[in-house]
Amino acid sequence: MGEFLMFAATGGEATAGLKVEYSSIIPIMVLAGGGIALMLASSMIRERMTAATGAFLSIVLTLIAMGSTYYTWKDLDKTGAYSTFMGSIANDKFTLFFVVVLCAALILSLLVSIDWLEERGVRGIEYFVLMLMSTTGAILMAAANDLIVIFLGLEILSIALYVLCGFDRKSRVARESALKYFILGSFSSAIFLYGIALVYGATGTTNLTGIAQFLSTNTLLDNGLLLAGVVLLAVGFAFKVAAAPFHQWTPDVYQGAPTPVTGYMAAAAKAAAFAALLRVFAATFTSLQLDWKPLILGLAIATLLVGSIVACVQQNVKRMLAYSSISHAGYILLGLYATNVDGISSSLFYLLAYTFMVVGSFAIVSLVGGQDESRRGLDAFRGLAQRNPGIALVFSIFLLAQAGMPLTSGFLAKFYVISALVQGHSYEMAVFAMLIAAVAAFFYLRIVVAMYTPASSPAPSPLVMPFSTGLAVVFSLVLTIGLGVIPSSFTFDAVEFARSAAGELFISSSTRIAGQ
Amino acid sequence: MTPVIAAAQSIGTDFPLLSAIVLSPVIGALIIALLPRTNQSLVRSIGLLSSVITFVFTVLLYAAFEAKSGDFQFVSAHEWLGQFGIQWKLGVDGISLFLVMLTGLIFPIAFIGAGVRENAKSFTAWMLALQAGCLGSFLALDLFLFFVCFEFVLIPMYFLMIGFGFDRRRYAALKFFIYTFAGSAFLFVGILALVFIDAAKTGGGVTFDLIALQENQSWTSTQARWLFFAFAIAFAVKIPLVPLHTWIGDTYEQSPVAGVVISAAVMVKLGTYGLLRFGVSLFPEAAHDVAPVLLTLAVIGMIYGAIVAAVQRDLKRVAAYSSVSHLGFIVLGMFAFSKQGMSGAVLQMINHGITAAALFLIIGFLYARTQTSDVTQLSGVQKVAPVMAAFMTIVVMSSVGVPGLNGFVGEFLILLGTFATHRWWAVVGTAAVILAAVYLLWAYQQVFHGKPNEKTMKVLDLTAREKIAMTPLIILIVFLGVYPQPALDRIQPTVDKVLMTTPGFAESGLQSDEPAPVHRSGAFGSGHSVGGH
């Protein structure tokens, strides 16, 4: 907390100014600018670019964006958190944390995409430009310090994703997935906008700092308008993070989308939406805690129940993992429910750990799915342990990590969330969340059992792990186990990373309040 | 012996013996993971070698162990997740010493007696991972580390079951996993609650250190009861204590032989051990207060297990429910809160481990020869396989509790200790001893006596390999039956230490070192001899 106060002191002046700090949006500039440049360049070259080239260039861009955070982080140590672009972009460690998570998700998904695209003979840069654009939107959401900018980021992210979901034009389910995502996504955007309008009506500003200041200095006698706005914002976010009962689009969209896109969507879209959700609720509507905490709790309980229980009866692995991602959202919401630095940092660590587990899992689903993506039922996984013991073992590790078994990042993620709950004396929620984990273990194990069951029909030939997918899987695996096992240094850094990010979120909010 | 002890003691001071014990199977498993799948015999040899090395370490530990002390020995600690005060902290005392040795012994025996022919690589690697998890649980002095090991054990066991078990293995494995996982939910929340209560009370940082938490005793008695309750659920599933025992029949029936040997001999002890180490010794007052509940559940388990065992047709299920019954004994002794009862309980954990391992091994041998463990389909094995029958006789007698064999010593101490403090529970519990004689001898007669039928006609006697696996167990059954003193000498100081913390014990219990009136021992002795006929 010493750090906390120090930043608070310096941050106050910084937030007040109307300066424009381009250094704070380097990742956005690199990804968006790079995406546009790639688009232009490819239109000037006669040859359609191969998937490998496109992926390589995009990964280089993403690495630059990711690398820039290192220097921004160091700068932040000196300047403290501040907002820029007339207070609409927050430059704090919280933003940087999400830049790293989102870029990592993008890189891994790009690696997995190469094989998917090559198998289908898809050439051209469009896929990669869309991916880069969606990450731009995601980063903008995480960095936004203004409801309108959040909406802007949300739309950039979502529109790119609508197209990506339907990228496999020949597939009927992919088209259905894209259309469904588009309609429900627009619907939720509208709700979100309406929420912004109501909050604006109640507070007179869309700037998060402004809202926090307004709420800390004014007591509303009749805050119905504000609360309605808060509820609508929560619903909008619940759509985006796929929290029950606003999750219905998730299974269909996840199932229909190309599997690399599903993995990306499950990791990045969720992370971005949570970034904005945390910033808006934990850091802006801090004084309304008593009002929104029951709402978040209700969402979390419903999400955990629906995600875990409905997953148990699924026959399609991709769909099962879609429900599993819903249930993960429940744990992350519980971190928010704890409403303290530990709770927020547990949500952040959960998102970090979850990103690698989920991208790794979907990479393997993509691999097993094969060319026409037809082999995604549990049957397709039958006998995998005989054909490809290595792949079966790795997938088992990802699934066990998602179930929260020790020595994986998934366990530590649950550990932090549960300990934040226990610290807040929410014992019954802690027990509930752990029992739900046992329910969830059931369907993860169903997949494991299928893999270790001999195939009945003539067994398909062993899968060949392509290099780039293999790279993504190995990377995810190393981080999944590494975050769970390696003492102090690595895990500790990751946790500290999440903690200082979470700490800054509160710093910036308290600075804002103190500034008035 | 003296040079060995000296050597061991020097090792104890300079060499991280406990870490070596936990990590040697891990290293073995990693080496195996790197070996080619095709070279099965190499994989098997490395696995056996690794488990023997671990066993040698545990023997060194025994040699260097200070018998008179009830404190933790060889304590070593390294920071793991510093922010939460989580350490890699290991230590051993009289309660865990023999469980560690048991784990060290049973794994090589399982490799010798119940190895697999096909897919030896994954079998061996998972077995070694399982061993590391068990040893870690027994040695951990950090609650987080304990939980990690306790929970991790499920993974290798699960893969052993689905990879090498019998027909309904998938269902059984799932049931086993979910059951235990759900039980652990309470333990997990309990541990965290305890740790944060402690941190709030002491005002210091969060610590998961068992010794520190035990000394602080920062919880109120209401909190202690809730925490004990949370812990007890997780361990009751593992033991298993009625009514949370329903996984055991399927698990024992469907697990591979090695898996069930480990499960019955070592893994269920994680439950009894956990209950003693983290239940009773962290919350002595709460444990003492709720003792009647646990005693009652234990007695119900003893009788119920015995009755259910008596009506089973499958030998594996007979043995499984006999385990339920025998583990009831251990819980009974533990919650009698008397010196004899608790020492008996700790000793009985070892005895049951040895006997159950031997029992399931023989059932496995029999199954390998006849493809059945249905009691009604087997008969006259004694004629065709006299050595197997002789071994089985000793094992059954040990399990029944015949004087002179190990089972008697533990059960006798438990009943003695319970009689002193909770008379009626002991009286009812004694019936389980008689019932044990009924179902075990009945099953034995069915299978081994009579004329060989077409199933058993061609049964071959034990091979040299199988005899090698059985011999150490038989020797221990007899040795611990005749001369349990070396074990009791090391168990007693720790048990005294645990009991000193329980309410009202210091004045009443410890002085009465020899409270055993002759007529009581006579009564139980005759009970046992009735069983023996």
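Those protein sequence lines, which keep their order, are chains C and L.
Going by the numbering used here, 1592 is the number at position 154 of the first sequence; the sequence numbering is gapless.
Going by the numbering used here, 315 is the number at position 71 of the second sequence; the sequence numbering is gapless.
Cβ coordinates follow ideal geometry from the N, Cα and C atoms, glycine included.
Which listed residue (C:Val1797, C:Ala1580, C:Ala1503 and C:Tyr1508) has its alpha carbon closest to that of Tyr1526 of chain C: What you label residue 1526 of chain C is simply residue 88 of the first sequence in a count that begins at 1. It should be noted that the sequence gives Ser, not Tyr, for residue 1526 of chain C. For Ser1526 of chain C, the nearest C-alpha among the options comes from C:Ala1580.
Pair within 7 angstroms by beta-carbon distance, Ser193 of chain L and Thr715 of chain L: Outside the shown range of chain L, which is 245 to 777, sits residue 193 of chain L, and nothing can be said about it.
Any C-beta of chain L under 7 angstroms from that of Ser1762 of chain C: To locate residue 1762 of chain C, count along the first sequence from 1; it is residue 324. It does not; no Cβ of chain L falls within 7 angstroms.
Option in L:Leu292, L:Asp386, L:Ile441 and L:Val296 with minimal Cα separation from Thr335 of chain L: Here residue 335 of chain L is taken as the residue at index 91 of the second sequence, counted from 1. Note on identity: in this sequence residue 335 of chain L is Gly, with Thr being the wrong assignment. Among L:Leu292, L:Asp386, L:Ile441 and L:Val296, the Cα nearest to that of Gly335 of chain L is on L:Asp386.
Option in C:Ser1847, C:Ser1547 and C:Ile1464 with minimal Cα separation from Ala1801 of chain C: Against the first sequence, residue 1801 of chain C aligns to sequence position 363. Minimum Cα distance to Ala1801 of chain C is reached at C:Ser1547.
Which listed residue (C:Leu1733, C:Gly1701 and C:Leu1715) has its alpha carbon closest to that of Val1911 of chain C: On the first sequence, position 473 is the one that residue 1911 of chain C refers to. Ranking C:Leu1733, C:Gly1701 and C:Leu1715 by Cα distance to Val1911 of chain C puts C:Gly1701 first.
Alpha carbon of Ile1739 of chain C to alpha carbon of Gly1768 of chain C, nearest angstrom: Counted from its first residue, the first sequence places residue 1739 of chain C at position 301. Counted from its first residue, the first sequence places residue 1768 of chain C at position 330. One alpha carbon belongs to Ile1739 of chain C, the other to Gly1768 of chain C, and they sit about 7 angstroms apart.
Distance between Met1477 of chain C and Val1567 of chain C (C-alpha atoms, nearest Å): Position 129 of the first sequence, counted from the start, is the residue given in the question as residue 1567 of chain C. Position 39 of the first sequence, counted from the start, is the residue given in the question as residue 1477 of chain C. Looking at the two C-alpha atoms, the distance is approximately 7 angstroms.
Beta carbon proximity, Tyr1890 of chain C to chain L, threshold 7 angstroms: Counting from 1 along the first sequence, the entry for residue 1890 of chain C is found at position 452. Tyr1890 of chain C counts as touching chain L.
Of the residues C:Ser1480, C:Ala1528 and C:Val1537, the one placed nearest Arg1561 of chain C, counting alpha carbons only: Position 123 of the first sequence, counted from the start, is the residue given in the question as residue 1561 of chain C. That would be C:Ser1480, whose Cα lies nearest to the Cα of Arg1561 of chain C.
Member of C:Ile1764, C:Leu1646, C:Asn1661 and C:Gly1736 whose CA lies at the smallest distance from the CA of Ile1747 of chain C: Taking the first sequence and counting its residues from 1, one reaches residue 1747 of chain C at position 309. That would be C:Ile1764, whose Cα lies nearest to the Cα of Ile1747 of chain C.
CB contact below 7 angstroms: Ala767 of chain L versus chain C: For the purposes of this step, residue 767 of chain L is identified with residue 523 of the second sequence, where counting begins at 1. With a pLDDT of only 39 at Ala767 of chain L, under the threshold of 50, the placement of this residue in the model should not be trusted; the figure read from the coordinates follows. Judged by the 7 angstroms Cβ criterion, Ala767 of chain L is not in contact with chain C.
Close beta carbons around Glu395 of chain L, own chain, < 6 angstroms, minus the five adjacent residues each side: Reading the second sequence from its first residue, position 151 is the one you call residue 395 of chain L. Correct list, in chain order: Ser428.
Which of helix, strand or coil DSSP assigns to Leu319 of chain L: By 1-based counting over the second sequence, the position of residue 319 of chain L is 75. The sequence shown places Val at residue 319 of chain L, not Leu. The DSSP-derived three-state label of Val319 of chain L is strand.
Partners in chain B for Pro1844 of chain C, counting only beta-carbon separations shorter than 8 angstroms: Going by chain labels, chain B is absent from the structure shown, which instead holds the protein chains C and L.
Below-7 angstroms beta-carbon distance, Gly753 of chain L vs any chain C residue: Locating residue 753 of chain L in the second sequence gives position 509, counting from the first residue. Confidence is the limiting factor: at Gly753 of chain L the pLDDT is only 47, short of 50, which leaves the residue's position unreliable, though a coordinate-based value still follows. Not one chain C Cβ lies under 7 angstroms of Gly753 of chain L.
Coarse secondary structure for Tyr727 of chain L, derived from DSSP in three states: Translated into positions along the second sequence, residue 727 of chain L becomes position 483. Coil, per DSSP.
Unbroken stretches of the beta strand (DSSP E), 3 residues or longer, contained in the segment 1701-1732 of chain C: none
Residues near Glu751 of chain L by beta carbon distance below 6 angstroms, same chain, minus five either side: Within the second sequence, numbered from 1, the residue matching residue 751 of chain L stands at position 507. With a pLDDT of 46 at Glu751 of chain L, under the threshold of 50, the modelled position of that residue is not reliable, and no figure is offered here.
3 or more residues per run - each beta strand (DSSP E) lying fully within the segment 1570-1640 of chain C: none
6 angstroms CB neighbourhood of Ile271 of chain L in its chain, flanking five on each side removed: Working through the second sequence from its first residue, we reach residue 271 of chain L at position 27. For Ile271 of chain L, where only same-chain residues beyond five positions count, there are no Cβ hits under 6 angstroms.
Phe382 of chain L versus L:Glu655, L:Ala687, L:Pro528 and L:Thr516, residue with shortest Cα-Cα distance: Residue numbering aside, residue 382 of chain L sits at position 138 when the second sequence is read from its first letter. Phe382 of chain L has its Cα closest to that of L:Thr516, out of L:Glu655, L:Ala687, L:Pro528 and L:Thr516.
Cβ-based burial, Gly1863 of chain C [other Cβ within 10 Å; buried from 16]: Position 425 of the first sequence, counted from the first residue, corresponds to residue 1863 of chain C. The amino acid occupying residue 1863 of chain C in the given sequence is His; Gly does not appear at that position. His1863 of chain C should be labelled exposed.
Proximal residues to Leu1671 of chain C (C-beta, below 6 angstroms), its chain only, five neighbours per side dropped: Indexing the first sequence from 1 puts residue 1671 of chain C at position 233. Excluding residues within five positions, the ones whose Cβ falls inside 6 angstroms are Gly1633.
Alpha helix (DSSP H) segments (min. 4 residues) lying fully within the segment 1832-1909 of chain C: Runs found: 1847-1861 and 1865-1889.
Partners in chain L for Gln1861 of chain C, counting only beta-carbon separations shorter than 7 angstroms: Locating residue 1861 of chain C in the first sequence gives position 423, where the first residue counts as 1. Near Gln1861 of chain C (Cβ distances below 7 angstroms), the residues of chain L are Phe440.
Chain L within 7 angstroms of Ser1857 of chain C, Cβ atoms only: Mapped onto the first sequence, residue 1857 of chain C falls at position 419. So yes, Ser1857 of chain C belongs to the interface.
DSSP three-state assignment for Gln755 of chain L, whether helix, strand or coil: The count along the second sequence starts at 1 and reaches residue 755 of chain L at position 511. Only weak support exists for where Gln755 of chain L lies, its pLDDT of 43 falling under 50; the value from the coordinates is given anyway. Of the three classes helix, strand and coil, the one that applies to Gln755 of chain L here is coil, per DSSP.
Neighbouring residues, chain L, relative to Leu1838 of chain C (Cβ below 8 angstroms): As a working mapping, residue 1838 of chain C is identified with position 400 in the first sequence. The contacting residues are Ile399.
Beta carbon proximity, Val1869 of chain C to chain L, threshold 7 angstroms: By 1-based counting over the first sequence, the position of residue 1869 of chain C is 431. It does: the Cβ of Val1869 of chain C has a partner Cβ on chain L nearer than 7 angstroms.
Minimum Cβ-Cβ distance from Val1458 of chain C to chain L less than 7 angstroms: Locating residue 1458 of chain C in the first sequence gives position 20, counting from the first residue. No, Val1458 of chain C lies away from the interface with chain L (no Cβ there is under 7 angstroms from its Cβ).
Residues bridged to Leu334 of chain L (per DSSP): Counting from 1 along the second sequence, the entry for residue 334 of chain L is found at position 90. As computed with DSSP, Leu334 of chain L is found in a beta bridge with L:Ser320 and L:Ala384.
Ala1433 of chain C in three-state terms, based on DSSP: Any property of residue 1433 of chain C remains undetermined from this structure, which presents chain C solely from 1439 to 1954.
Chain C contacts from the segment 410-437 of chain L (Cβ-Cβ distance under 7 angstroms): Contacts with chain C (Cβ-Cβ distance below 7 angstroms) from the segment 410-437 of chain L involve Arg414, Leu418, Phe421, Ile422, Phe425, Ala426, Ala429, Phe430, Phe432, Val433, Leu436 and Ala437, listed in chain order.
The segment 642-658 of chain L in contact with the segment 524-535 of chain L per 3-pair CB rule at 8 angstroms: no
Where Gly407 of chain L meets chain C, residues with beta-carbon distance less than 9 angstroms: If you number the second sequence from 1, residue 407 of chain L lands on position 163. The answer, in chain order, is Ala1823 and Tyr1890.
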